[in-house]
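Per my numbering, the sequence shown runs over residues 110 to 532.
Every residue gets a Cβ at the ideal spot worked out from N, C-alpha and C, and that includes glycine.
In what follows, a structure is listed as structure tokens, so that the remarks can point back to it.
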Amino acid sequence: MNPAAPHVPERESEFLSETGRRIRDEIRDLIPVLRANAAEGERIGALTPETLKAVSDVGVFKLTLPAEYGGTALGARDITEIVTALGSGDAAVGWLAIVATATRMSLAYPERTVEEVFRDARTWDGPIIIGASLLSPVVGKARKVDGGWMISGKWTFGSGSRHAAWATVGVEYTSEDGGRRRAMALMPRDEFRILDDWHVMGLMGTSSNSITTLDEEGFVPEHRVFDMADVPRMVDTLRGRYDGLGFKLGTFGSMLLTPTIFAALALGMAEGCLECFTEQARHRKPFNLPYPTVADMPSVQVTAGKARAAINVARATIHQYADELDRRALRDEDFTPFDEPKITMDLVFTIHMLAQAIDALQLALGSSTVDLANPIQRFVREIRVLATHGALRLDPMAEINGREILGTEPFMKMSGFEPPAGR
């Protein structure tokens, strides 16, 4: 019996498709393989060849692509359940599956660009496109030349860089009226360099290295550079262009999919941690108390009960929003600009609640969990890295919501759609 399973059986969602269920179940079967390979993935700073091949064959990097490019164009509930299963095995794989969901946005590019980027999509193992420093306060630079742009810079947090065929990077340029504008530029793998700078406490297998151009500057043709201000309009043109629930999301629905599946990743990590905790607690003896096993200790029982409650509350919240994303997509309804920060706040809150539960499980079990062969220590480290992501930090998101609650003038949540103040 899985200790992380809801004590009141959850009704299967009407939005869970046969394809989504199949992929989820295949990932669940792969969990032992993912856990066994996770340490080696951390050592090499990328997914192991076995893991990369296994999850690519299942289709986790094409969840939002249409059938025309070998994908399944799944809805939010499907993706949520798949990412949760990945998180229980190896969070780095789940992270890269999330990165790959953004690939569908690239289908909004001009036809020539789409043909270039997705030429090998059906056979590619891993995320075919990654992004780096797209919405960061500091991005690269671009200057207009005949036929395109010369770009330069160092773009950080390029998750999936060692597995991707293309990279999209953020740049800043001077417009004709002298203003500073943001754009994104698309580079093939043979035109960017991966820096060896991803040495971190968790999620090392995501290969979130920085990237640069091969020389001081790199040329990007006009058809691969897009003004950031045009992105929402471009993305909205995808609505209904292809078959599949994933192409019925509106602009704000597409935005909300991201925190929903990041929360699903945290949920999977907590479920996996509780599963490992339960198995170990039943077989370990307490250090200084006369109980037969750690599982017999009242303090450990209390911790387990609280952890399962946190998991159940998080699961209910995440699934509620995933289902609502699909429900509105089917009705051709979008969320409002006022919905987005409120829902994101709820999801970010669940991530931090789950992080606290994972921390408590480690402390309750004790020093055996610090062994690098113990999967619990990896859950502890990687949920901490997840919770520090700029878009998932609790207090800044709470401030955004608190300003609205208290009637204070709001400000933009992301810096990437306008130059930083004072520039």
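query: CA-CA distance, I370 and E224?
result: In this model, I370 and E224 are separated by some 28 Å (Cα to Cα).
message: Whole angstroms are fine: how far does the CA of K171 sit from the CA of V489?
response: Answer to the nearest angstrom: the Cα atoms are 28 Å apart.
query: So, are the CB atoms of R302 and L376 less than 9 Å apart?
result: In this structure, R302 lies away from L376, with their beta-carbon atoms at least 9 Å apart.
message: Once DSSP output is grouped into helix, strand and coil, what is the label at D199?
response: Three-state DSSP puts D199 in coil, outside helix and strand.
- request: Please report how far the alpha carbon of V278 lies from the alpha carbon of F328, in whole angstroms.
  value: V278 and F328: Cα-Cα distance of roughly 13 Å.
message: Among R186, G198 and P141, whose alpha-carbon lies nearest the alpha-carbon of T367?
response: The shortest C-alpha separation from T367 is found at R186.
message: On a Cα-Cα basis, can you pick out the residue from L125, A217 and P450 that is closest to A507?
response: Looking at the Cα atoms, P450 is the closest of the given residues.
query: For D504, which three-state DSSP category applies?
result: D504: helix per DSSP, three-state reduction.
Where A482 sits in the DSSP three-state scheme: It is coil, neither helix nor strand.
- prompt: Using a Cβ-Cβ cut-off of 7 Å (strictly less than) and excluding sequence neighbours within five positions of R532, which residues of its own chain qualify?
  reply: Confidence at R532 is low in this model, with a pLDDT of 37, below 50, so the placement of that residue should be treated as unreliable; the coordinate-derived value is given next. Non-local C-beta neighbours of R532 in its own chain, meaning closer than 7 Å and more than five positions away in sequence, comprise R289, ordered along the chain.
query: Going by alpha carbons, who is nearest to G349 out of A500, E151, A182 and K253?
result: Comparing Cα positions, the closest option is A182.
- prompt: Between the region 384–404 and the region 211–221, do at least 3 Cβ pairs fall closer than 8 Å?
  reply: Flag = no, the region 384–404 and the region 211–221 do not touch.
message: Beta-carbon within less than 7 Å of A163's beta-carbon, same chain only, minus the 5 sequence neighbours each way: which residues are those?
response: Cβ contact annotation for A163 (same chain, cutoff 7 Å, sequence separation greater than five): L139 and V142, in chain order.
For A241 and V91, the rounded distance between their alpha carbons: As shown, the chain starts at 110 and ends at 532. That puts residue 91 outside it, with no answer to give.
message: Can you tell me whether S165 is helix, strand or coil according to DSSP?
response: Correct three-state label for S165: helix.
query: Which runs of the alpha helix (DSSP H) fall wholly inside the region 286–349 and span at least 4 residues, in chain order?
result: DSSP runs (the alpha helix (DSSP H)) wholly in the region 286–349: 340–345.
message: Please report the distance separating the alpha-carbon of A292 from that of F361.
response: Near 20 Å, if we compare the C-alpha coordinates of F361 and A292.
query: Using CA coordinates, which residue listed in G184, R131, H498 and G179 is at the minimum distance from G311?
result: Comparing Cα-Cα distances from G311 to each of G184, R131, H498 and G179, the minimum goes to H498.
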